[in-house]
Structures are given as structure tokens and as C-alpha cells.
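Q: Take a look at the following structure, please.
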Amino acid sequence: MSKDLPYFISLAAVPGIGPSRFKILLKHFKTAESFWTAPEKTLEKILTPNLFQQFLGFKKSFDIDEYIKRISDLGVKVITIEDRQYPKLLKEIADPPPVLYVKGEIPRNERSIGVVGTRKMTSYGREVTEILVRDLVAAGFTIISGLARGVDSHSHRVTVGNRGKTIAVLGGGLDVIYPPENAALAEEIANGNGAVISEFPLGMAPVPGNFPARNRIISGLSLGILVTEAGEDSGSLITAGLAGEQGREVFAVPGPIYSTLAKGPAELIKQGAKLVMNVGDILDELNLDSKYKASDVNEIKGETEEEQKILDLITEAPVHVDEITRQTKLPASKVGSLISLMEIKGKIKPLGLGVYTLNR
Numbered sequence: 001m002s003k004d005l006p007y008f009i010s011l012a013a014v015p016g017i018g019p020s021r022f023k024i025l026l027k028h029f030k031t032a033e034s035f036w037t038a039p040e041k042t043l044e045k046i047l048t049p050n051l052f053q054q055f056l057g058f059k060k061s062f063d064i065d066e067y068i069k070r071i072s073d074l075g076v077k078v079i080t081i082e083d084r085q086y087p088k089l090l091k092e093i094a095d096p097p098p099v100l101y102v103k104g105e106i107p108r109n110e111r112s113i114g115v116v117g118t119r120k121m122t123s124y125g126r127e128v129t130e131i132l133v134r135d136l137v138a139a140g141f142t143i144i145s146g147l148a149r150g151v152d153s154h155s156h157r158v159t160v161g162n163r164g165k166t167i168a169v170l171g172g173g174l175d176v177i178y179p180p181e182n183a184a185l186a187e188e189i190a191n192g193n194g195a196v197i198s199e200f201p202l203g204m205a206p207v208p209g210n211f212p213a214r215n216r217i218i219s220g221l222s223l224g225i226l227v228t229e230a231g232e233d234s235g236s237l238i239t240a241g242l243a244g245e246q247g248r249e250v251f252a253v254p255g256p257i258y259s260t261l262a263k264g265p266a267e268l269i270k271q272g273a274k275l276v277m278n279v280g281d282i283l284d285e286l287n288l289d290s291k292y293k294a295s296d297v298n299e300i301k302g303e304t305e306e307e308q309k310i311l312d313l314i315t316e317a318p319v320h321v322d323e324i325t326r327q328t329k330l331p332a333s334k335v336g337s338l339i340s341l342m343e344i345k346g347k348i349k350p351l352g353l354g355v356y357t358l359n360r
């Protein structure tokens, strides 16, 4: 550990000293130790009265040695913005975090995509998230997300299940996993499948105000942000907005027009986000090679002409039962019967609200 690292960590942990102010102070004092050990009269001239008092109180109660020991005991590594291991893409944003707490190993692969969305996925959202993440992993992408319920955790799980690499970015300290039911997933990620990271000091609760800051890291680590399913007030739209501000691409998956969780992606597409139907759309927009191994989909054939009509309809995308009836021109009762039988045979599966897709 370098001589300045404990002070670097300590300065970054001071309430009220965010990334921008940290950068200014470091430029003025040259090292974090110089700031930490500076005479009070010097600090009083530079800091605002409130921040000066806040720093004095923090310094008095903060035990650097004990904190460093705690970091070590938890198996946490600390990467500073001055380190060579600091993610290159993240360093490019306007306000990169001066310190990253890390469990696991941050993949060096810069082919990375943030996948975000609603905490309350529908079966449709689960399906499209799984398909796209699976193919992104096959195309060599690291998947970045926030370990939240719904799309975030599903993205991490699909990545791990397909032997890919993922980074989970937290909105609190690494010792305060939220939601708590994802603690095992966080351990699984850290133990060989990527990294769990945070800019927040140990012990910091994941309060609501932390999440916009967390979101800028998700987008900052990524070439682009993919929103698979989200309501019009979803926090994932904030992440997408940050991605745009950072000069990163924004991707969105269209959903059923009757679903409130299709409104978020629809609004993004209206604003200029790239509409995504498959991973090729993402590769094309990023000007990356399209030679990837897509998910294996066994050809599913109908046993009768009527079954085949239905399968032909839902091969490209999920379809509502009413649309199946309209396009096949079969009686509604017949369509209902055929769908039930095909579901039993494992050829199709319901996504909810009368929508069906192939059972891939």
C-alpha cells in the first residue's frame, strides 16, 4: 500500500467532498496526505465554513488504521483514479469517482454494456432480457448493472449462468448489500465471475440519494446502456439520460403497446435511442464485428398445418392470442385449444396477458 493511499481513501470518505471537489483539493494540495495533515488555519481559508466544520468532526472520529484493517478483513481492494487498473471508460466521464471499492476482479474487457430496467419484470421483460444478455455474453461483452431487483439481478444471473463476466455497481458500501436477498448473487459474482464495486465507503447505507451517483458509474463503465423493460418513471431512464450526457449509446427494446412497462423504452426510442430487436442491432450501432455465436434455437415445427401457422406467427416476436386468431383466421376456440396443447408439448410458453412466444 502506498503512503498516500490511506489518506486518499479517507479524503474520499469525507461527507460533502464529492468527485469534483476532491479533484480540486488534490490539485491544490498535490497529495491527499498534505490535505489531511494541513493546519486548520490553511483549511479554513479554502473550505466553506460548513465543510470545514464537517471535515474537522469527521477527522476527529475517523480512525484511518481501523478503517484500512476493516477493508482488508472484508477482502476488499481499493482502486484510486491514479491507479493503472482504474477502468479507462469510467475515467473519461466528467465526474469519475476518485476511489472504487472492489470485491472480485474488474474485467479488463472494454466491450461492455449496461443492462437496466424495471424492478418488477413481466414475463416478457424476463424473456427479452435473458435472450439479449445471453447473446451479448456470447458476443464477448461484460454486462454492467446495479444488483437491484428485476432486470438488474436477472442480467447478472444470466451472465453468470452463461459463464460471462459482470460488474455489479452498488448504491451503498460493499458491506451493505441491497437488496439483502442478492447477497449470495453478489458473492457469486465476486468469486470468479467479475466484480462488485462501489464508490461509497464501507458502512454507507444505500439511501435513495446515492442511486443517481451509482447510475452514472453503470453508464460510465459501458459503451452503451440497454433498457429492456421500464415504466415511464423508472430510474433506468435516469441511467439512460446519463449515458447520453456521457456520450454513450442508448438502446431500448420495444414492448407490447398495452404494457405500462413498455412506456419507458418507447419514450427513449422517441428521443432517439436505438431500437433493439437483437444483438446485431447493438453491434451495428457500436461499429463492432457481428461475428458472434447467437443463442442456439432449435427449430420448432408444428405437427399439423394449424400448429405451424401459429408457430410461423410467433417465430420473430411474441404475439397476443387475439392477433393469432386474426391472422390465422381460425376460430377463437380452436386457437385457444391449439395454444393449450402446444404449451403442454413445450413448443410455446405464455408471457402473460395473453401473449405467447416460442419455448426456446
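Using UniProt numbering, the first residue of the sequence shown is number 1, and each one after it goes up by one. C-beta: ideal position from N, C-alpha, C; glycine also. As the structure is a computational prediction, the values presented were derived from the model and not from experiment.
How big is the Cα-Cα spacing for S236 and P97?
A: S236 and P97: Cα-Cα distance of roughly 20 Å.
Q: Grouping DSSP H, G and I as helix and E and B as strand, with all else coil, what is G247?
A: Coil.
Q: Of the residues F200, I93, I177, which one's Cα is nearest the Cα of A190?
A: The shortest Cα separation from A190 among F200, I93, I177 belongs to I177.
Q: Would you say L174 and S198 are within 7 Å of each other, going by their C-beta atoms?
A: Cβ atoms of L174 and S198: closer than 7 Å.
Q: Ignore the nearest five residues each way along the sequence and tell me which others in K91's own chain have a CB closer than 7 Å to its CB.
A: I81, listed in sequence order.
Q: Just reading off the beta strand (DSSP E) that A195 is part of, what are its end residues?
A: 194-198 is the extent of the beta strand (DSSP E) around A195.
Q: So for T31, helix, strand or coil by DSSP?
A: Three-state result, T31: coil.
Q: Going by C-alpha to C-alpha distance, which of E343, V321, I344 sits closest to S333?
A: Out of E343, V321, I344, V321 has the C-alpha closest to the C-alpha of S333.
Q: Can you check DSSP and say which residues form a bridge with Y178?
A: Partner(s): none; Y178 has no beta bridge.
Q: In whole angstroms, give me the CA-to-CA distance for S259 and K45.
A: In a straight line, the C-alpha of S259 is about 56 Å away from that of K45.
Q: Rounded to whole angstroms, what's the CA-CA distance from A294 to A148? Just pull it up for me.
A: Because A294 sits at a pLDDT of 43, beneath the cut-off of 50, its placement in the model cannot be relied upon, and the following sentence gives the value as read from the coordinates. Roughly 27 Å between the two C-alpha positions.
Q: Leaving out the 5 sequence neighbours to the left and right, which residues in its chain are closer than 7 Å to Q327 when beta-carbon positions are compared?
A: Cβ neighbours of Q327 beyond the five flanking positions: L313.
Q: From S112 to K347, what distance separates their C-alpha atoms?
A: Using only the alpha carbons, I get a separation of about 33 Å.
Q: I'd like to know whether the C-beta atoms of I217 and G114 end up nearer to each other than 7 Å.
A: Cβ atoms of I217 and G114: not closer than 7 Å.
Q: If you reduce the DSSP assignment to three classes, tell me which class V227 lands in.
A: The answer is strand: DSSP assigns V227 an E or B state.
Q: Below 8 Å on the Cβ atoms is my contact criterion, and I expect R123 with P350 to pass it. Report the Cβ-Cβ distance as a whole number of Å.
A: Note on residue identity: the sequence assigns Ser, not Arg, to residue 123. Sure, about 7 Å apart at Cβ, within 8 Å.
Q: May I ask you to report which of helix, strand or coil DSSP gives Y7?
A: Here Y7 sits in helix by DSSP.
Q: Can you give me the Cβ contacts of I269 inside the same chain, cut-off strictly under 6 Å, excluding the 5 residues immediately before and after it?
A: Once the five neighbours on either side are set aside, the close Cβ partners of I269 are A252, L275.
Q: Starting from V169, follow its DSSP beta bridges and name the residues at the other end.
A: I197.
Q: Roughly how many angstroms lie between the CA atoms of I344 and N359, to the nearest whole one?
A: Approximately 11 Å between the Cα atoms of the pair.
Q: Can you give me the C-alpha to C-alpha distance between L51 and I79, rounded to a whole angstrom?
A: Taking the straight line from one Cα to the other gives about 25 Å.
Q: Shortest alpha-carbon distance to G209 belongs to which of I238, L56, M277, E303?
A: Comparing Cα-Cα distances from G209 to each of I238, L56, M277, E303, the minimum goes to I238.
Q: Identify whether T80 lies in helix, strand or coil by the three-state DSSP scheme.
A: Reduced to three states, the DSSP call for T80 is strand.
Q: My output table needs one value for K347: the three-state DSSP class, helix, strand or coil.
A: Of the three classes helix, strand and coil, the one that applies to K347 here is coil, per DSSP.
Q: Could you tell me the boundaries of the alpha helix (DSSP H) in which S259 lies?
A: Counting along the chain, S259 falls outside any alpha helix (DSSP H), and DSSP gives it neither H nor E.
Q: Is the Cβ-Cβ distance between Q246 and I93 less than 7 Å?
A: Yes. Within cutoff.
Q: Using a Cβ-Cβ distance cut-off of 7 Å, determine whether A205 contacts chain C.
A: The structure shown contains no chain C, having only a single protein chain.
Q: For A205, which of helix, strand or coil comes out of DSSP?
A: Residue state, collapsed to three classes: coil.
Q: From which residue to which residue does the alpha helix (DSSP H) around L51 run?
A: Note, L51: alpha helix (DSSP H), 49-61.
Q: Kindly indicate which three-state DSSP category V355 falls into: helix, strand or coil?
A: The answer is strand: DSSP assigns V355 an E or B state.
Q: Quick check: the Cα distance between A205 and N215, rounded to an integer number of angstroms?
A: Between A205 and N215, the C-alpha separation is close to 16 Å.
Q: Count the other C-beta atoms from every protein chain shown that fall within 10 angstroms of the C-beta of L185, then say buried if there are 16 or more, exposed otherwise.
A: Counting Cβ neighbours within 10 Å, L185 comes out buried, since at least 16 surround it.
Q: Hey, how far is the Cα of F55 from the Cα of K103?
A: F55 and K103: Cα-Cα distance of roughly 28 Å.
Q: Report the three-state DSSP secondary structure of V253 (helix, strand or coil).
A: Correct three-state label for V253: coil.
Q: Quick check on DSSP: helix, strand or coil for G146?
A: Of the three classes helix, strand and coil, the one that applies to G146 here is coil, per DSSP.
Q: Please confirm whether G195 and E130 have their CB atoms less than 7 Å apart.
A: Here the sequence assigns Ala to residue 195, which means Gly is not the residue at that position. Taking 7 Å as the Cβ cut-off, A195 and E130 do not qualify as a contacting pair.
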